[in-house]
Amino acid sequence: ATAVTEDLKATVQQSQQAGMQVVATLPSATLTYWEVDWRKPSMILLGNEGAGLSADLAAIADKQVRIPLSAGVESLNVAIAAALMLYEARRQIICQ
1 ATAVTEDLKA
11 TVQQSQQAGM
21 QVVATLPSAT
31 LTYWEVDWRK
41 PSMILLGNEG
51 AGLSADLAAI
61 ADKQVRIPLS
71 AGVESLNVAI
81 AAALMLYEAR
91 RQIICQ
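When we follow the working numbering, the leftmost residue of the sequence shown carries the number 1, and every step to the right adds one.
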């Protein structure tokens, strides 16, 4: 599901209090997106292609993940990044 909110940080914190894991995408993260247990209720935070995710949101995430890229590739379109992670989440749920 998607949501529109006036205060994203507060919404993220409320989601965490409700038991949801919050996963932020960062190119500097050490964990890859397929190492997350996506069978848990999850919220994915994606930044835009230019500036990325804000430091405030990245800091409150439960996990920070990266999508490994080939040499010479700077970034992915945010829709492609979301599709990769949603596919992996679905794969884990189906294959459990």
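For each residue, glycine too, the CB sits at the ideal point set by N, CA and C.
Notebook entry, point to check: Given a threshold of 16 other Cβ atoms within 10 Å of its Cβ, counted over all protein chains shown, does residue 44 qualify as buried or as exposed?
Noted result: buried
Checklist line | Range of the contiguous alpha helix (DSSP H) that encloses residue 14 | finding: Unbroken alpha helix (DSSP H) run through residue 14: 8 to 17.
Next item on the list: Decide if residue 4 is buried, meaning its Cβ has at least 16 other Cβ atoms within 10 Å, or exposed.
Entry: exposed
Notebook entry, point to check: Quick one: Cα of residue 66 to Cα of residue 82, how far?
Noted result: 12 Å
Next item on the list: Using only alpha-carbon positions, find the residue among 92, 96, 91 and 47 that is nearest to residue 61.
Entry: 47
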